[in-house]
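K.L.:
Have a look at this one.
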Amino acid sequence: MNEIPLFDNFYKNEVLKELFRKNSKLENFHNGLNLDRINEKFLNNRDLNESQRKILFNVIQQQYQQLGEDSPTSLNLIKNKGTFTITTGHQLCVFGGPQYFIHKIISIIKTAYNLKKRFKDKNFIPVFWMASEDHDFKEISELHLFNKTLKVEKEDSIEVGKLKSELFLPILNELKEIFKNDHRFNFLESIFSNALSYNSWSEATRYWINQIFKKENLIILDADDKRLKKIFSPIIIKELKDQFVFNCVSKTNEEIINNGFQPKISPRKLNLFYLDKSKRTRIIFENDCFIIDKKSFTYTELEQEVTQFPEKFSPNVLMRPIYQEKLLPNIIYIGGPSEITYWTQLKNTFDKVNINFPVLLLRDHFLWLDQKSIKKWKSFGFSIKDLSANPDTLIKTYLSKTTKDLDFSNENKLLEELKSQLETKSNSIDVTLIPAVEATMKSVSNNLQKVQNKLLQAIKRKEEQKLNQINKISSLVHQNGILKERSQSFIPSFIQNSSNYLNKLINASNPESNSIKLID
Numbered sequence: 362m363n364e365i366p367l368f369d370n371f372y373k374n375e376v377l378k379e380l381f382r383k384n385s386k387l388e389n390f391h392n393g394l395n396l397d398r399i400n401e402k403f404l405n406n407r408d409l410n411e412s413q414r415k416i417l418f419n420v421i422q423q424q425y426q427q428l429g430e431d432s433p434t435s436l437n438l439i440k441n442k443g444t445f446t447i448t449t450g451h452q453l454c455v456f457g458g459p460q461y462f463i464h465k466i467i468s469i470i471k472t473a474y475n476l477k478k479r480f481k482d483k484n485f486i487p488v489f490w491m492a493s494e495d496h497d498f499k500e501i502s503e504l505h506l507f508n509k510t511l512k513v514e515k516e517d518s519i520e521v522g523k524l525k526s527e528l529f530l531p532i533l534n535e536l537k538e539i540f541k542n543d544h545r546f547n548f549l550e551s552i553f554s555n556a557l558s559y560n561s562w563s564e565a566t567r568y569w570i571n572q573i574f575k576k577e578n579l580i581i582l583d584a585d586d587k588r589l590k591k592i593f594s595p596i597i598i599k600e601l602k603d604q605f606v607f608n609c610v611s612k613t614n615e616e617i618i619n620n621g622f623q624p625k626i627s628p629r630k631l632n633l634f635y636l637d638k639s640k641r642t643r644i645i646f647e648n649d650c651f652i653i654d655k656k657s658f659t660y661t662e663l664e665q666e667v668t669q670f671p672e673k674f675s676p677n678v679l680m681r682p683i684y685q686e687k688l689l690p691n692i693i694y695i696g697g698p699s700e701i702t703y704w705t706q707l708k709n710t711f712d713k714v715n716i717n718f719p720v721l722l723l724r725d726h727f728l729w730l731d732q733k734s735i736k737k738w739k740s741f742g743f744s745i746k747d748l749s750a751n752p753d754t755l756i757k758t759y760l761s762k763t764t765k766d767l768d769f770s771n772e773n774k775l776l777e778e779l780k781s782q783l784e785t786k787s788n789s790i791d792v793t794l795i796p797a798v799e800a801t802m803k804s805v806s807n808n809l810q811k812v813q814n815k816l817l818q819a820i821k822r823k824e825e826q827k828l829n830q831i832n833k834i835s836s837l838v839h840q841n842g843i844l845k846e847r848s849q850s851f852i853p854s855f856i857q858n859s860s861n862y863l864n865k866l867i868n869a870s871n872p873e874s875n876s877i878k879l880i881d
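Heads up, the sequence shown is in the numbering used here, so the first residue is 362 and it goes up one at a time.
Rendered as structure tokens:
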């Protein structure tokens with residue numbers, strides 16, 4: 362299988378790059394970045410008690426029952442000690458949003474499979490954590506495919522999981538129009554249509570993900586539940602009382618800066634939202650008061666509110682990982698580049714509340730590129746690694762290899778020699794002539810550059826077909842330095858590969874390799 366190193370051109374984040382280069386300056390900010398960290402002692406420290414496992418089981422089972430769907434067979438295992446989770450999470454993007462939504466799930470499935478081979482007496486369950494409480498509608502509202510952008514508009518701060526599913530019907534109708542003559546879309550059309558029959562967007566998202574990954578024993582969790590928030594309530598109260606996230610992350614950020622890096626996120630004084638009638642409002646702490654939507658509360662009032670209604674409190678981006686790890690018997694979190702970076706800001710925060718910090722793995726990356734295109738690419742004299750380069754640079758490289766007419770080094774050298782000779786003569790005859798010589802030679806140099814550019818354009822016209830092919834193949838991998846999997850929908854690749862789609866991804870997956878896998 363062909364692979365492209367991930368950190369060559371695509372990710373410039375220095376913290377991320379140095380993490381996976383095992384920079385000793387960052388070793389105190391994580392608890393392992395590969396599966397070698399997992400051993401019996403590590404697992405034993407992360408086992409949940411029986412009562413919490415039972416609550417987890419009941420919540421998840423009920424969520425599937427509300428869909429009228431059978432729970433994954435792996436769910437029964439979560440009641441047992443010796444069962445652990447590998448987790449990823451994402452916003453509830455419309456019908457998956459960009460491809461990497463699917464790739465994150467593939468990563469946890471493959472990692473669970475690999476760990477089961479190593480620890481045959483243990484069980485490992487892939488868990489997809491739905492970001493149902495998020496209220497950034499714009500992040501979930503667009504779908505990109507075939508140079509089209511399908512989107513819906515809505516101005517609101519409502520939890521996206523509570524949105525009415527029917528809101529996204531226009532996007533499904535557009536998809537049906539795009540694929541009206543392609544019977545291969547029938548399977549997805551049926552799934553998406555059934556999904557929109559459910560009331561909430563959280564239920565709809567759970568349904569279609571479950572239909573696609575039904576054979577992979579994936580558990581899909583919506584943590585927006587009173588029983589789960591009750592488990593987390595002591596930490597919510599601690600955040601209200603001590604603002605421990607702000608204090609711990611601020612200290613960590615100082616350490617990161619002192620080590621020569623920039624932290625991803627600056628913490629807020631208080632890292633909680635308040636949920637009321639599905640509206641998500643930031644809780645602001647100032648002058649020893651808590652302000653929610655212009656109303657002021659004392660600590661005692663909010664403490665009582667947490668005790669009675671824990672479901673009304675929602676963690677922000679820095680609190681959510683703590684909530685997740687408090688609930689689950691989790692040993693690995695698999696995230697994208699930004700996620701892994703801000704997780705490294707949280708280790709001290711986890712230690713403060715005595716919650717185990719998981720191993721962090723970077724999600725896997727995939728691109729669909731057929732063998733014919735790869736063969737054509739190599740015929741231009743390029744390597745697989747060159748697929749990550751800027752296409753303009755590649756075109757210049759190709760043209761310089763295919764013709765010597767592009768090499769103007771001799772002409773430029775002669776011009777410099779002529780300039781030097783004229784300046785020397787002018788200096789010996791009349792020094793006041795030197796500015797005129799310089800101006801004349803600058804004009805000659807500019808005109809020579811224009812001639813060179815015209816010759817370059819002439820060569821490009823002769824090689825136009827091949828240059829178009831270089832651009833086309835490069836665009837299948839990235840555009841403007843952004844990987845296609847970060848923008849384009851999984852739907853075209855899914856229908857082209859049908860039942861082989863998941864198998865190809867799972868077989869190719871290896872999150873530890875930190876590379877982009879090219880799949881035919």
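The beta carbon of each residue, even a glycine, is placed where N, CA and C say it ideally should be.
With H, G and I counted as helix, E and B as strand and the rest as coil, what does DSSP make of residue 596?
P.N.:
In the sequence shown, the residue the question calls residue 596 occupies position 235. Three-state result, residue 596: helix.
K.L.:
For residue 760, tell me which candidate among 825, 595, 523 and 713 has the shortest Cα-Cα distance.
P.N.:
Locating residue 760 in the sequence shown gives position 399, counting from the first residue. Considering only alpha carbons, the answer is 825.
K.L.:
Taking C-beta to C-beta, are residue 645 and residue 631 nearer than 8 Å?
P.N.:
Counting from 1 along the sequence shown, the entry for residue 645 is found at position 284. Counting from 1 along the sequence shown, the entry for residue 631 is found at position 270. The answer is yes: Cβ separation under 8 Å.
K.L.:
Can you tell me whether residue 834 is buried or exposed, with buried defined as 16 or more other CB within 10 angstroms of its CB?
P.N.:
For the purposes of this step, residue 834 is taken as residue 473 along the sequence shown, with counting starting at 1. When all chains shown are included, residue 834 counts as buried.
K.L.:
Out of curiosity, what's the CA-to-CA distance linking residue 529 and residue 666?
P.N.:
In the sequence shown, counting from the first residue as 1, residue 529 sits at position 168. In the sequence shown, counting from the first residue as 1, residue 666 sits at position 305. Spanning the two alpha carbons is a distance of roughly 34 Å.
K.L.:
With 16 as the cutoff for other CB atoms within 10 Å, does residue 638 come out buried or exposed?
P.N.:
In the sequence shown, residue 638 corresponds to position 277, counting from 1. Classification for residue 638: exposed.
K.L.:
Return helix, strand or coil for residue 752, following the three-state DSSP convention.
P.N.:
Residue mapping note: residue 752 aligns to position 391 of the sequence shown, counting from 1. Looking at residue 752 - three-state DSSP - the assignment turns out to be helix.
K.L.:
Could you tell me whether the Cβ atoms of residue 465 and residue 444 are closer together than 8 Å?
P.N.:
For the purposes of this step, residue 465 is taken as residue 104 along the sequence shown, with counting starting at 1. For the purposes of this step, residue 444 is taken as residue 83 along the sequence shown, with counting starting at 1. Cβ atoms of residue 465 and residue 444: not closer than 8 Å.
K.L.:
Using the Cα positions of residue 628 and residue 589, report the straight-line distance between them to the nearest angstrom.
P.N.:
Translated into the one-based positions of the sequence shown, residue 628 becomes position 267. Translated into the one-based positions of the sequence shown, residue 589 becomes position 228. Roughly 24 Å separates the two Cα atoms.
K.L.:
I need the straight-line Cα distance from residue 416 to residue 399, nearest angstrom please.
P.N.:
Counting from 1 along the sequence shown, the entry for residue 416 is found at position 55. Counting from 1 along the sequence shown, the entry for residue 399 is found at position 38. Cα-Cα distance, rounded: 26 Å.
K.L.:
Can you tell me whether DSSP reads residue 487 as helix, strand or coil?
P.N.:
Your numbering for residue 487 matches position 126 in the sequence shown. Strand, per DSSP.
K.L.:
Report, in whole angstroms, the separation of the C-beta atoms of residue 692 and residue 719, which I expect to be a contact under 8 Å.
P.N.:
In the sequence shown, the residue the question calls residue 692 occupies position 331. In the sequence shown, the residue the question calls residue 719 occupies position 358. Residue 692 to residue 719, Cβ: 6 Å. Contact.
K.L.:
Are residue 701 and residue 721 touching if we call contact CB-CB under 8 Å?
P.N.:
Position 340 of the sequence shown, counting from 1, holds the residue named residue 701. Position 360 of the sequence shown, counting from 1, holds the residue named residue 721. Yes, Cβ-Cβ distance for residue 701 and residue 721 is below 8 Å.
K.L.:
Which residue marks the beginning of the alpha helix (DSSP H) containing residue 684, and which one marks its end?
P.N.:
The residue labelled residue 684 in the question sits at position 323 within the sequence shown. Note, residue 684: alpha helix (DSSP H), 681-688.
K.L.:
Measuring alpha carbon to alpha carbon, tell me which of 641, 430 and 740 ends up nearest residue 585.
P.N.:
Here residue 585 refers to the residue found at position 224 when the sequence shown is read from its first residue. Of 641, 430 and 740, the residue nearest in Cα terms is 641.
K.L.:
Go through its chain and collect everything with a Cβ distance to residue 780's Cβ below 6 Å, but skip five positions before and after it.
P.N.:
Here residue 780 refers to the residue found at position 419 when the sequence shown is read from its first residue. If we look at residue 780 and ignore the five residues flanking it on each side, its Cβ neighbours are 802.
K.L.:
How about residue 883 and residue 452: are their beta carbons less than 8 Å apart?
P.N.:
Here the chain has residues from 362 to 881 only, and residue 883 is not among them.
K.L.:
At the level of alpha carbons, what is the spacing between residue 459 and residue 843?
P.N.:
Counting from 1 along the sequence shown, the entry for residue 459 is found at position 98. Counting from 1 along the sequence shown, the entry for residue 843 is found at position 482. Roughly 12 Å between the two C-alpha positions.
K.L.:
How is residue 588 classed by DSSP in three states: helix, strand or coil?
P.N.:
Sequence index remark: in the sequence shown, residue 588 carries index 227 (1-based). Three-state DSSP puts residue 588 in a helix.
K.L.:
So residue 703 and residue 673 are in contact, right, with Cβ under 8 Å, and what is the actual spacing, rounded?
P.N.:
For this step, residue 703 is matched to residue 342 along the sequence shown. For this step, residue 673 is matched to residue 312 along the sequence shown. The pair is not a contact, with the Cβ atoms about 25 Å apart (cut-off 8 Å).
K.L.:
Note down the Cα distance separating residue 684 from residue 593, rounded to an integer number of angstroms.
P.N.:
Position 323 of the sequence shown, counted from the start, is the residue given in the question as residue 684. Position 232 of the sequence shown, counted from the start, is the residue given in the question as residue 593. Straight-line Cα distance between these residues: approximately 6 Å.
K.L.:
Give me the Cα-Cα distance between residue 596 and residue 706, rounded to the nearest whole angstrom.
P.N.:
Position 235 of the sequence shown holds residue 596. Position 345 of the sequence shown holds residue 706. Taking the straight line joining both Cα atoms gives about 18 Å.
K.L.:
Would you report the Cα separation of residue 688 and residue 741, rounded to the nearest angstrom?
P.N.:
In the sequence shown, counting from the first residue as 1, residue 688 sits at position 327. In the sequence shown, counting from the first residue as 1, residue 741 sits at position 380. Whole-angstrom Cα-Cα distance: 53 Å.
K.L.:
List, from N- to C-terminal side, the beta strand (DSSP E) runs of 3 residues or more that fit wholly inside the region 794-880.
P.N.:
You should have 876-880.
K.L.:
By the 10 Å Cβ neighbour count, where 16 or more other Cβ atoms means buried, how is residue 624 classified, buried or exposed?
P.N.:
Against the sequence shown, residue 624 aligns to sequence position 263. Buried.
K.L.:
Looking only at its own chain, which residues have a Cβ that is under 7 Å from the Cβ of residue 492, when we skip the five neighbours before and after it?
P.N.:
Within the sequence shown, numbered from 1, the residue matching residue 492 stands at position 131. Correct list, in chain order: 450, 451, 452 and 453.
K.L.:
Hey, out of 659, 710, 733 and 479, whose CA is closest to residue 681's CA?
P.N.:
Taking the first residue of the sequence shown as 1, we reach residue 681 at position 320. Of the listed residues, the one whose Cα sits closest to residue 681 is 710.
K.L.:
Residue 879: which of 873, 558, 858 and 838 sits nearest, CA to CA?
P.N.:
By 1-based counting over the sequence shown, the position of residue 879 is 518. Minimum Cα distance to residue 879 is reached at 838.
K.L.:
Report the residue ranges of all alpha helix (DSSP H) runs contained in full by the region 487-542; include only those spanning at least 4 residues, in chain order.
P.N.:
You should have 530-539.
K.L.:
Quick one, are the C-beta atoms of residue 421 and residue 409 less than 8 Å apart?
P.N.:
Sequence index remark: in the sequence shown, residue 421 carries index 60 (1-based). Sequence index remark: in the sequence shown, residue 409 carries index 48 (1-based). Going by C-beta atoms, residue 421 is not nearer than 8 Å to residue 409.
K.L.:
Inspect the beta-carbon positions of residue 469 and residue 695 and report whether they are closer than 8 Å.
P.N.:
Counting from 1 along the sequence shown, the entry for residue 469 is found at position 108. Counting from 1 along the sequence shown, the entry for residue 695 is found at position 334. Against a cut-off of 8 Å, the Cβ pair of residue 695 and residue 469 comes out as a contact.
K.L.:
With 16 other CB atoms within 10 Å as the buried threshold, where does residue 752 fall?
P.N.:
Reading the sequence shown from its first residue, position 391 is the one you call residue 752. Residue 752 comes out buried.
K.L.:
Keeping to the same chain, check which residues put their C-beta closer than 7 Å to that of residue 377; ignore five residues upstream and five downstream.
P.N.:
Here residue 377 refers to the residue found at position 16 of the sequence shown. If we look at residue 377 and ignore the five residues flanking it on each side, its Cβ neighbours are 698, 701 and 702.
K.L.:
Please name the residue in 467, 497 and 495 whose C-alpha comes closest to that of residue 318.
P.N.:
In this structure the chain extends from 362 to 881, so residue 318 is not present and cannot be described.
K.L.:
Can you tell me where the beta strand (DSSP E) holding residue 378 begins and where it ends?
P.N.:
Taking the sequence shown and counting its residues from 1, one reaches residue 378 at position 17. No beta strand (DSSP E) holds residue 378; the alpha helix (DSSP H) holding it covers 375-381.
K.L.:
Inspect the CB distances between the region 853-867 and the region 540-557 and report whether three or more fall short of 8 Å.
P.N.:
Yes, they touch.
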